[in-house]
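Here's the structure we're looking at; comments come further down.
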Amino acid sequence: MIRTAYKSGITRASLSKRYLGNVSKLYYPEEVTGPVLVSENVPGPKTIELNKKLGEHFDNRATYFVTDYKNSLGNYISDCDGNKLLDVYAQISSIALGYNNPALIKTAQSEDMVNALVNRPALACFPSKEYGQILEEGILAAAPPGMTKVWTALSGSCANETAYKAALMYQASIKRGDNDFTAEELSSVMDNALPGTSDMVIMSFDKGFHGRLFGSLSTTRSKAIHKLDIPAFDWPKAPFPELKYPLSEFEAENRKEEERCLAEFERIIDQWPTQIAAFIVEPVQSEGGDNHASAFFFKGLREISKAKGVLMIVDEVQTGVGASGKFWAHEHWNLPTPPDMVTFSKKFQAAGFYFANPDLQPKQPFRQFNTWCGDPSKALLAKTIYQEVTHYGLVGRTAEIGDYVYGNLQSIFTKFPTQVKNLRGEKFGTFIAFEFNTANERNAFLVAARNKGLNIGGCGDQSVRMRPTLVFEREHADVFLQIVEDTLKQLYP
Amino acid sequence: MGISEQYFPNEPTAPVVATTEFPGPKSQESIAALNKVFDSRASYFVADYEKSLGNYIADVDGNMYLDVYAQIASIALGYNNPALIEVAKSDLMTRAIVDRPAMGNFPSKDLEGIASEILKVAPKGQDKLWSGLSGADANELAFKAAFMWYQGKKRGYTTEFTDAENESVMKNQAPGSPELAILSFKRAFHGRLFASGSATCSKPIHKLDFPSFNWPKAEYPEYKYPLSENEAYNKEEDKRCLTIVEDIFKSWAIPIAALLVEPIQSEGGDNHGSAEFFQGLRDITLKYGAALIIDEVQTGVGATGKFWAHEHFNITPAPDFVTFSKKFQSAGYFFHDSEIVPKHTYRQFNTWCGDPARMILAGAIGSEVTKHDLAARAQEVGAYLFAKLEALQSKYPKLMKNLRGKNRATFIAWSFEEPSLRNKFLADMKTVGVNIGGCAEDSVRLRPTLVFEEKHADILAAAIEKIYSSY
Ligand SMILES: Cc1ncc(COP(=O)(O)O)c(C=O)c1O
Ligand SMILES: Cc1ncc(COP(=O)(O)O)c(C=O)c1O
Chain C
0 MIRTAYKSGI TRASLSKRYL GNVSKLYYPE EVTGPVLVSE NVPGPKTIEL
50 NKKLGEHFDN RATYFVTDYK NSLGNYISDC DGNKLLDVYA QISSIALGYN
100 NPALIKTAQS EDMVNALVNR PALACFPSKE YGQILEEGIL AAAPPGMTKV
150 WTALSGSCAN ETAYKAALMY QASIKRGDND FTAEELSSVM DNALPGTSDM
200 VIMSFDKGFH GRLFGSLSTT RSKAIHKLDI PAFDWPKAPF PELKYPLSEF
250 EAENRKEEER CLAEFERIID QWPTQIAAFI VEPVQSEGGD NHASAFFFKG
300 LREISKAKGV LMIVDEVQTG VGASGKFWAH EHWNLPTPPD MVTFSKKFQA
350 AGFYFANPDL QPKQPFRQFN TWCGDPSKAL LAKTIYQEVT HYGLVGRTAE
400 IGDYVYGNLQ SIFTKFPTQV KNLRGEKFGT FIAFEFNTAN ERNAFLVAAR
450 NKGLNIGGCG DQSVRMRPTL VFEREHADVF LQIVEDTLKQ LYP
Chain H
0 MGISEQYFPN EPTAPVVATT EFPGPKSQES IAALNKVFDS RASYFVADYE
50 KSLGNYIADV DGNMYLDVYA QIASIALGYN NPALIEVAKS DLMTRAIVDR
100 PAMGNFPSKD LEGIASEILK VAPKGQDKLW SGLSGADANE LAFKAAFMWY
150 QGKKRGYTTE FTDAENESVM KNQAPGSPEL AILSFKRAFH GRLFASGSAT
200 CSKPIHKLDF PSFNWPKAEY PEYKYPLSEN EAYNKEEDKR CLTIVEDIFK
250 SWAIPIAALL VEPIQSEGGD NHGSAEFFQG LRDITLKYGA ALIIDEVQTG
300 VGATGKFWAH EHFNITPAPD FVTFSKKFQS AGYFFHDSEI VPKHTYRQFN
350 TWCGDPARMI LAGAIGSEVT KHDLAARAQE VGAYLFAKLE ALQSKYPKLM
400 KNLRGKNRAT FIAWSFEEPS LRNKFLADMK TVGVNIGGCA EDSVRLRPTL
450 VFEEKHADIL AAAIEKIYSS Y
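So this is what it looks like as structure tokens:
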């Protein structure tokens, strides 16, 4: 198959020090040049056997295959049967630099890492002398525009929940002013009753995904199966725009749809019976189906929320760290004022939230608190990831590769006009998705692609999402495109 | 040769006190700098972990404290333990760090080995594991499992969800998001996320301004000490509390899916319950069809003289869940009933589903504790220390009330008459080179490592006496 380079015509203020060679080859001279398939199917017999044994002690029924990480390299993941698959799912979007990255191995074997592993501190009480510097050279150096502080956590769910806590304490302290807690607050809270507990709420969007603990799950609105049987807070959800694709053909309709959603957002803020402390939104609703909205919509959210005193939390757990062609996806919007908090996890390995306003730290210590308050070993990894990403200009590179992939997918899909639809993620790095008519067809695609050596994931009910690493190069894109096309040809001869 | 000497031939033989104020000037400077980007107003001092060794923690001012707080009870084998360093440098660890898997989808072929190391030290009666990342996370994962199990029992384990459930749940409404409760206790501490925070009932400051679930609180026994002199009273106290538990089961408006309890309420003041009390809880949960979740986040991993504190109670049948974190480095819950795993996949799920790097450390900690029988050793050292503290108590009865933790190894605490006095004591202990923590408003808790030995106990007791004699 001959590929033509897709000309995007965009001028992106990409990161300065661009490395022009092939970063993947530099990191991974031994990386395979295409999938290697040794068993008849993926999962193969060894996975099935090992998984059975593991299943006696650990719920592993969602296993795709049992993985041999030792033999995984770069963009290729090896299963325990010896199959090597091109991985564009990358641990549910959480591998930034490829498997067995030499820079990360160096960090993993450093004295600093050993120290962080064997002497894990209770960070808020006994911070290590290195922690400030590790943050400044890593997580904070990567902070989105306007953000100067961070609170660290352990996963996407707990990053979001700590951000909710910060928002709730902030709003309560504004109401309370200089007054101390009242006696009634102090006693009622011990019965989980008002006024000590709070009836403020966190608003989210239909089809949003923000995690699966109780607070975060209350804001998650992706699928029933994520939520069933779990008690939830009665918190509001706003509609998220359902855009029509291709965007260029539906500009007027889409603008109208976004205006409708903004009006509804504002109406809910005005009419919800209790105060809305904050709202949370993903730059692209990922688990919920890779639903995009335009900068116009997000600017509108910022303006309305600012005017109404509702805090804006941008959940960059899945979109953050380069994959969108910006380090943080919300940088695509050029907001007039930054969000109040930005949460992160996944590809950064470390989790937490950024902010700028010091009042988002409660007046009294020990309120935003827990035993570990983060994990220095993950902060060290985040630092290396940030340094590698900037050193090699991987964000700009991802933007270019993404444009190339997008353009070629567009032309492949012209051959399957009724089967594949709604290609999304134009000019949005490799954060690309497309859709089938039914969940069954989508699932058939995922399985068939896997058997051709492509590890790829779904999202929403009938979408396929691409979530490769940041060292996904032209040659990987070509392998990817070839398999996508071959799979479609096989499914729709 | 003692275990601390085996691990740490160069461990300091006594604390070093290098400053007159705490935190010292360098710590203060460092805290101020860090505070600009990371809230560090709760910092005691800035630690130098490279220089810390065994039971001693170094700060940037050159102080070297005997540490009986141990990162809020989360260091099992001392600082810079050579066995853990070896594990930290292993290829297995490097892989776990650089290729962190989404374990639910792409488990490593190393996982079976890693999980079975942890399961070797599972509490009696438990043979399965789900992993999380912190104490709060572990508890909330257990709540979710308990809720799914409870509803599954009602509708039938394999019965499909109704349309009404599927629709209402997307609005956070019943029947899909049912109202269900976790019953916990006054003075309990289970974490600070929204559901764990709803079960926590230690101090208002932990809970204020957060939405919470309308979950009930029973009463945890308040014993009179010494236990040996107050047997009858304490037996009545058990009965009183068990009656309250049962009354709540009968009367609470929302169905109670699980009862959650600490073997020793730690943050809430080191409150103990008897074996009879815990068996009573087990019996009530069985009677009302609720799960029993034992929160061993703070009590687990040897410090009470058993690997898991609730093993002192011989609860039968075994609890449904045992949660862990802290000293084990890895977090999660143990369980045994296969129907606690929901029939549908992706219900107990998240990106990482734990952290193999921390699970490897948990396995190594478990194996060291077993190999050197450190729980039994803690029991010996604890008995030695307790006797010394009893002697101090008879000398300074007003400064050491309700000495508790007899036969619970080094998991020892006592109270002051006044919170202010307690706070002064904690601060003053720094001047004699001891890092020590409090719990509740008026208590002191000892949470040393498992390599804390008689020689350390001597230093600790002498330091306490030195401060007490100055009051
Ligand atoms: C946008 C977003 N937020 C939060 C989360 C939850 O992260 P975790 O699974 O680490 O709790 C996810 C996970 O997929 C996510 O995509
Ligand atoms: C008994 C108990 N459960 C849960 C927790 C919460 O653990 P974490 O701080 O890791 O969330 C603690 C912490 O002190 C605890 O002592």
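As they're listed, the protein sequences go chains C and H.
Everything in the first sequence is counted per numbering that gives the first Met the number 0, starting at 0 for the first residue and increasing by one.
Everything in the second sequence is counted per numbering that gives the first Met the number 0, starting at 0 for the first residue and increasing by one.
Cβ coordinates follow ideal geometry from the N, Cα and C atoms, glycine included.
Model, not experiment: these values are computed from the prediction.
- For H:Pro177, the residues of chain C that pass the 7 Å Cβ criterion are Asp228 and Pro230, in the order they occur in the chain.
- Distances between the C-beta of H:Ala135 and the heavy atoms of ligand 2 include at least one below 6 Å.
- The residue among C:Trp371, C:Phe365 and C:Pro361 with its C-alpha nearest the C-alpha of C:Ala350 is C:Trp371.
- Look at C:His475: its C-beta is not under 7 Å from any C-beta on chain H.
- Residue pairing from DSSP places C:Leu85 in a beta bridge opposite C:Tyr75 and C:Leu453.
- Contact annotation: C:Met199 and C:Gln170 have beta-carbon atoms nearer than 7 Å.
- A distance below 7 Å separates the beta carbons of C:Leu261 and C:Gly299.
- Excluding its 5 nearest sequence neighbours in each direction, C:Tyr27 has C-beta neighbours in its own chain below 6 Å: Leu72 and Gly73, listed in chain order.
- Here C:Phe264 is near C:Ala237, since their CB atoms are less than 7 Å apart.
- Inclusion of H:Thr350 in the 6 Å shell around ligand 1 follows from its C-beta lying nearer than that to a non-hydrogen atom of the ligand.
- Under the criterion of beta carbons closer than 8 Å, H:Ile293 and H:Phe334 do not qualify as touching, at roughly 11 Å.
- Look at H:Val45: its C-beta is under 7 Å from a C-beta on chain C.
- Residues of the same chain with a CB within less than 7 Å of the CB of C:Lys377, apart from the 5 flanking positions on each side, are Gln348 and Ala349 in chain order.
- No Cβ of chain H is located within less than 7 Å of the beta carbon of C:Thr181.
- For H:Phe334, the pairing in a beta bridge is given by DSSP as H:Lys127.
- Between the C-alpha atoms of H:Lys429 and C:Pro126 there is a straight-line separation of about 17 Å.
- Residue burial is scored here from C-beta neighbours: C:Gln270 has fewer than 16 other C-beta atoms within 10 angstroms and is therefore classed as exposed.
- Annotated as proximal: H:Phe184 and H:Tyr219, with beta-carbon spacing under 7 Å.
- Of all residues in the region 133 to 150 of chain H, only Ser133, Gly134, Ala135, Asp136, Glu139, Lys143, Phe146, Met147 and Gln150 place a beta-carbon less than 7 Å from a beta-carbon of chain C.
- Short note on C:Asn356: C-beta not closer than 6 Å to any heavy atom of ligand 2.
- Rounded to whole angstroms, the gap between the alpha carbons of C:Tyr63 and H:Tyr345 is 13 Å.
- Per DSSP, the unbroken alpha helix (DSSP H) holding C:Cys260 starts and ends at Glu250 to Gln270.
- Using a cutoff of 6 Å, the CB of C:Asp485 does not count as near ligand 2, since none of the ligand's heavy atoms is closer than that.
- Counting along the chain, H:Asn401 sits inside the beta strand (DSSP E) bounded by residues Lys400 to Arg403.
- Our two residues, H:Thr303 and H:Thr199, have alpha carbons roughly 22 Å apart in a direct line.
- Taking a C-beta cut-off of 9 Å against chain H, the contacting residues of the region 450 to 475 of chain C are Asn454 and Gly456, listed in chain order.
- Listed in chain order, the alpha helix (DSSP H) runs fully inside the region 278 to 351 of chain C are 294 to 307, counting runs of at least 4 residues.
- With a cutoff of 6 Å, C:Gln317 counts as near ligand 1, since its C-beta is closer than that to a heavy atom of the ligand.
- Fully contained in the region 140 to 206 of chain C are the following alpha helix (DSSP H) runs of length 4 or more, in chain order: 155 to 175 and 182 to 187.
- Assignment of C:Asn421 by DSSP, reduced to helix, strand and coil, places it in the strand class.
- Residue burial annotation: C:Leu487 is buried, with at least 16 other C-beta atoms found within 10 angstroms of its C-beta.
- Boundaries of the alpha helix (DSSP H) harbouring C:Asp477: Arg473 to Leu490, taken from the DSSP string.
- Taking all protein chains shown into account, H:Gln5 has fewer than 16 neighbouring C-beta atoms within 10 Å of its C-beta and is therefore exposed.
- Listed in chain order, the non-local C-beta contacts of C:Glu184 below 7 Å within the same chain comprise Pro194 and Gly195, local neighbours out to five positions each way being set aside.
- Any Cβ of chain C closer than 7 Å to the Cβ of H:Cys240 would place that residue at the interface, and such an atom is absent.
- Listed along chain H are Ser133, each with a C-beta nearer than 7 Å to that of C:Trp371.
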